[in-house]
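Accompanying notes for the structure given below.
Protein chains: 2
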Amino acid sequence: MKRRKKSSRRTTVTIRHVAEQSGVSLMTVSRVLNESPNVAEATRVRVQKVIAQLGFVPHRAARSLRARRSWWIALLFQGAARELRGDPSYVVELQAGVIERCVENGYHAAVERLDASTPIAATQLRELVQQLAPDGVVLAPPLSSSEELLALLRALHVPFARVAPRSTDGDEPVVFIDDRAASRQMTEHLLSLGHRRIGFVQGPMQRSYSVRRMAGYRAALRAWKVREEPALIVPGDFTFEGGRMAAAQLLGGGMPPPTAIFASNDESAAGCLADAHQRGLRVPRDLSIAGFDDTYVATMLYPPLTTMSQSIREMGRMATDQVLQLIKGTTPSQAIRIEHRLVERQSTAAPAVAAVAAQEKSAQQVP
Amino acid sequence: MKRRKKSSRRTTVTIRHVAEQSGVSLMTVSRVLNESPNVAEATRVRVQKVIAQLGFVPHRAARSLRARRSWWIALLFQGAARELRGDPSYVVELQAGVIERCVENGYHAAVERLDASTPIAATQLRELVQQLAPDGVVLAPPLSSSEELLALLRALHVPFARVAPRSTDGDEPVVFIDDRAASRQMTEHLLSLGHRRIGFVQGPMQRSYSVRRMAGYRAALRAWKVREEPALIVPGDFTFEGGRMAAAQLLGGGMPPPTAIFASNDESAAGCLADAHQRGLRVPRDLSIAGFDDTYVATMLYPPLTTMSQSIREMGRMATDQVLQLIKGTTPSQAIRIEHRLVERQSTAAPAVAAVAAQEKSAQQVP
DNA sequence: CGCGCTGTAGATAGCGCTAACATCCAGAGG
DNA sequence: CCTCTGGATGTTAGCGCTATCTACAGCGCG
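Protein chains in written order, with the working numbering: chain A, 169 to 535; chain B, 169 to 535.
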């Protein structure tokens with residue numbers, strides 16, 4: 169009774185085996201695989217049963233070659249392969265969102281790194297596109313702002329979506345958060361706690377969202393009619409060390425110290441916190457510190473950091489959805505704003521009376 | 169004078185164009201691409217010049233289909249796509265190492281997630297292997313210890329290397345660090361500073377390296393003839409919260425507190441640090457804290473964490489090298505140990521006299 | 001001078017799939 | 001009874017490469 173034939177020198181089951189087993193042509197099996205409409209329901213069911221039974225999985229390379237689709241989405245990050253700067257949780261989260269959506273839609277995500285600052289970036293991208301022939305591309309910041317790369321992708325007719333670019337202009341879909349509003353909200357949070365001298369640690373000003381975050385800080389001050397003090401705005405570079413130096417400048421600079429510091433990202437906030445600890449300041453009693461991003465570290469600091477949460481993973485998901493829509497030919501909404509959320513932990517509180525007093529005292533000393 | 173022909177409706181340059189331009193057959197071009205030995209030097213140079221000039225890049229899908237090689241290395245992490253636990257810097261670092269070596273060797277890395285705890289894991293892996301047909305696989309822990317998956321890969325004849333598995337047995341290459349020796353070294357570091365009551369925060373004991381790290385701690389105590397005190401060994405789970413609870417047990421448990429805590433990983437160490445801060449202890453004056461892994465967070469804590477550095481990236485590189493050797497047919501060394509390195513930062517110091525005295529006093533009170 | 005050998009190159013035949021066209025057949029409409 | 005239509009299937013060709021076989025020139029050797 170047992171079936172023989174079953175060649176099976178290797179474990180490879182091809183479409184031909186399915187066709188033979190279910191008594192239809194290769195083409196019909198292919199149609200079932202591709203959810204083509206013109207297949208009789210009975211046939212579809214029968215073929216699918218055989219597919220499941222044989223554990224058949226179509227060979228991607230063969231499909232790609234013929235169908236001129238690869239079922240790959242390339243996720244591009246900035247950075248030479250050996251360098252790799254930046255926040256790992258950002259990378260992992262964005263990646264997770266993209267992978268999740270890819271898998272759900274039968275795609276795979278190819279994570280690649282590209283250094284937009286080198287002249288060969290365009291060549292690398294071209295080679296990548298030609299080799300892999302991805303059906304779409306998701307550009308992580310700051311690649312998402314590289315006009316050169318965008319132009320190249322357009323020229324190659326590769327659909328793409330951008331995550332948090334400098335500008336949301338252009339026809340291609342964009343996923344972003346409202347950095348300005350979020351930053352304003354955080355600043356207003358500190359203001360509403362009673363803080364009036366709020367230090368601000370900038371990000372690198374080439375990054376457009378650094379600029380927007382600072383704009384939000386200023387807008388909040390204006391709205392609350394608090395005079396902006398230039399000395400309270402200090403440069404930073406999104407690194408721990410930068411944050412530490414910024415805090416040193418704010419807290420040890422001979423001026424009346426701020427009662428709160430708002431750092432443009434969590435890593436700089438961690439630096440501020442370290443400096444505060446070193447000076448023997450109690451956070452939040454003597455000094456409030458707030459961050460931005462709600463990354464992995466925010467919960468591991470002492471005290472846990474009040475920060476602005478943006479769902480990076482959601483951005484990954486959305487960007488992928490956009491690309492998939494472009495591939496399908498439907499027009500996605502051009503710009504999607506992802507919600508942000510203020511996460512209040514223990515690094516912020518109302519300024520202590522003592523601190524206010526001390527500040528006022530030193531303010532008297534200085535003039 | 170200008171050349172015509174040049175069809176070029178699309179930007180796709182095929183091997184045929186190169187062949188025509190350089191006046192050889194397709195096959196010769198292919199041989200040049202594949203670094204086949206039997207090509208005359210002059211021909212090779214000529215063809216390569218044309219390749220560069222046309223910007224030709226071979227189409228991966230087509231190559232794969234015919235050559236039965238995919239030039240993909242799959243890097244598999246534990247975790248359902250939507251869940252994603254664990255330390256992002258581990259993921260990013262391992263990935264960086266793998267990608268780096270892949271790119272250097274003309275391969276691409278496909279990062280995938282697989283949940284070994286579900287019954288469908290094997291099916292998922294099989295589908296992945298059939299679809300993608302990776303030439304090799306790198307298994308990150310704890311997948312690297314899943315006998316089921318290993319057996320499947322063996323059955324499918326897919327070369328693989330394992331990172332930090334439970335056991336280094338088996339024919340396949342393995343990359344690991346000597347957790348026991350590293351842990352012993354860290355413990356001896358604390359002993360040599362003068363600590364005698366050293367708390368130990370365990371990792372999850374299903375993870376074999378948790379077991380080895382504890383063994384190292386014990387070995388150090390034995391070597392220094394310090395009596396092991398069971399109450400100083402507390403459970404943990406590699407999380408921040410677990411570390412915090414462990415520290416609470418060690419520091420607030422009514423027994424003479426340890427002068428140092430060695431946590432099995434940085435994240436638990438961060439938890440211990442938070443608890444210490446909360447109790448108003450000064451680290452390292454009142455309490456030394458050491459971690460393990462030297463992840464991203466270690467430098468962002470206050471004080472910066474003394475920890476055991478293992479180059480995850482190097483493990484990624486090595487594992488990839490091993491797989492590439494298997495693919496080439498050469499036999500790699502079966503087990504590669506990656507160096508570890510004690511990184512002394514500011515969270516450890518000699519126990520303060522006051523602390524020792526306090527400890528002795530409370531020791532007198534207790535009996 | 002024929003023989004085999006080696007190094008170089010071309011010709012041929014697909015890899016496993018699917019686009020595009022061809023075919024078939026039932027049922028509607030004349 | 002013959003078209004015509006359109007859904008369900010089959011047939012053919014070939015995507016861009018490379019494994020494999022074949023061709024042939026040049027050379028040494030007995």
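By construction, the Cβ of each residue, glycine as well, lies at the ideal position given by its N, Cα and C atoms.
With a CB to CB cut of under 8 angstroms and the five nearest residues on each side skipped, what residues in its chain are close to B:V511? These residues qualify, in order along the chain: D462, A466, T474, T475, M476, S477.
Separation of B:L419 from A:V451, as counted between CA atoms: For A:V451 and B:L419, the distance between alpha carbons rounds to 22 angstroms.
Exposed or buried, B:M373, counting other C-beta atoms within 10 Å across all chains shown (16 or more means buried)? So B:M373 ends up on the exposed side.
Could you tell me whether any Cβ in chain A is nearer than 9 angstroms to the Cβ of B:T291? Judged by the 9 angstroms Cβ criterion, B:T291 is in contact with chain A.
So, at 6 angstroms on beta carbons, what are the nonlocal neighbours of B:W240 in its own chain, with the 5 sequence-adjacent residues on each side left out? So the list reads H276, A278, L300, P302, once near-sequence residues are dropped.
Taking the continuous alpha helix (DSSP H) assigned at B:G411, which residues delimit it? Per DSSP, B:G411 belongs to the alpha helix (DSSP H) from 408 to 419.
According to DSSP, residues forming a beta bridge with B:H276: Beta-bridge pairing links B:H276 to B:W240.
Between B:G439 and B:G410, how many whole angstroms is the CB-CB distance? I'm expecting something under 8 angstroms. Between B:G410 and B:G439 the Cβ distance is about 6 angstroms, and since that is below 8 angstroms, they are a contact.
Is the stretch 207 to 214 of chain B touching the stretch 192 to 199 of chain B, taking contact as three or more C-beta pairs under 8 angstroms? By the criterion of at least three beta-carbon pairs nearer than 8 angstroms, the stretch 207 to 214 of chain B is in contact with the stretch 192 to 199 of chain B.
Cβ-heavy atom distance between A:L307 and the ligand MG below 8 angstroms? You won't find the ligand MG in this model; it holds no ligand whatsoever.
Give the DSSP-derived three-state secondary structure of B:I183 in the structure shown. Helix at B:I183.
Chain-ordered neighbours of A:S257 on chain B, where CB pairs are closer than 7 angstroms: Neighbours of A:S257 in chain B, taken as residues at a C-beta separation under 7 angstroms, are given in chain order as P256.
Excluding the five sequence neighbours on either side, which residues of its own chain have a C-beta within less than 6 angstroms of the C-beta of A:T516, listed in chain order? So the list reads P452, S456, A458, T474, once near-sequence residues are dropped.
I'd like the span of the alpha helix (DSSP H) that includes A:T211, first residue to last. 209 to 222 is the span of the alpha helix (DSSP H), which, as asked, contains A:T211.
Does the distance from the CB of B:A319 to the CB of B:E280 come in under 9 angstroms? Their beta carbons are not under 9 angstroms apart, which means B:A319 does not touch B:E280 by this criterion.
Going straight from the alpha carbon of A:R250 to that of A:R348, what length do you get? Because the pLDDT of A:R250 is 49, which lies under 50, any placement of that residue in the model is unreliable, and the number read from its coordinates should be weighed accordingly. Just so you know, the alpha carbons of A:R250 and A:R348 end up roughly 33 angstroms apart.
Nearest-angstrom Cα separation, counted from B:L492 out to B:E268: Rounded to whole angstroms, B:E268 to B:L492 spans 13 angstroms at the Cα level.
Counting contacts by CB-CB distance shorter than 9 angstroms, is A:F368 in contact with chain B? Not one chain B Cβ lies under 9 angstroms of A:F368.
Is the shortest distance between the beta-carbon of A:H227 and the beta-carbons of chain B less than 9 angstroms? At least one chain B Cβ lies under 9 angstroms of A:H227.
How far does the beta strand (DSSP E) with B:Q374 in it extend, from its first residue to its last? It is not in any beta strand (DSSP E) - B:Q374 carries neither H nor E in the DSSP assignment.
Where does B:S355 land, buried or exposed, given buried means 16+ other C-beta within 10 angstroms? For the record, residue 355 of chain B in the displayed sequence is Thr; it is not Ser. Here B:T355 is buried. Its C-beta has 16 or more other C-beta atoms within 10 Å.
Is it the case that the Cβ atoms of A:T427 and A:P327 are separated by a distance below 9 angstroms? No.
Mind checking which residues open and close the beta strand (DSSP E) that includes B:V465? Run containing B:V465: none; DSSP gives neither H nor E here.
Where B:T407 falls, given that 16 or more other Cβ within 10 Å makes a residue buried: With at least 16 other beta carbons inside 10 angstroms of its own, B:T407 counts as buried.
Chain A beta carbons: is any one of them nearer than 9 angstroms to that of B:L301? The question names Leu, yet the displayed sequence has Ala at residue 301 of chain B. Yes, B:A301 counts as interfacial toward chain A.
Against chain B, which members of the stretch 477 to 498 of chain A pass a CB distance test of less than 7 angstroms? Contact residues of the stretch 477 to 498 of chain A toward chain B are absent (C-beta to C-beta distance below 7 angstroms).
With DSSP as the reference, please indicate the residues paired to A:M476 in a beta bridge. Partner(s): A:L510.
Take B:M423 as the anchor and find which of B:A399, B:P471, B:H445, B:T291 has the nearest alpha-carbon. For B:M423, the nearest C-alpha among the options comes from B:A399.
Roughly how many angstroms separate the alpha carbons of A:I345 and B:W392, rounded to a whole number? Their backbone Cα atoms lie some 56 angstroms apart in a straight line.
Just to confirm, are B:P256 and B:A284 a CB contact at a threshold of 9 angstroms? Taking 9 angstroms as the cut-off, the Cβ atoms of B:P256 and B:A284 do not count as close.
Spell out the partners DSSP gives A:L389 in its beta bridges. Paired residues: none, contrary to the question.
Which bits of chain A does B:Y470 rub up against, with CB to CB less than 9 angstroms? Neighbours of B:Y470 on chain A, chain order: A438, L441, A442, D443, A444, H445, Q446, L469, Y470.
Would you say B:A278 faces chain A, with C-beta separation under 9 angstroms as the test? Yes, B:A278 counts as interfacial toward chain A.
Can you check whether the C-beta of B:S378 is within less than 9 angstroms of a C-beta belonging to chain A? Cβ-Cβ to chain A under 9 angstroms: no for B:S378.
Give me whichever residues DSSP pairs with B:V343 in a beta bridge. Its beta-bridge partners are B:V331, B:I504.
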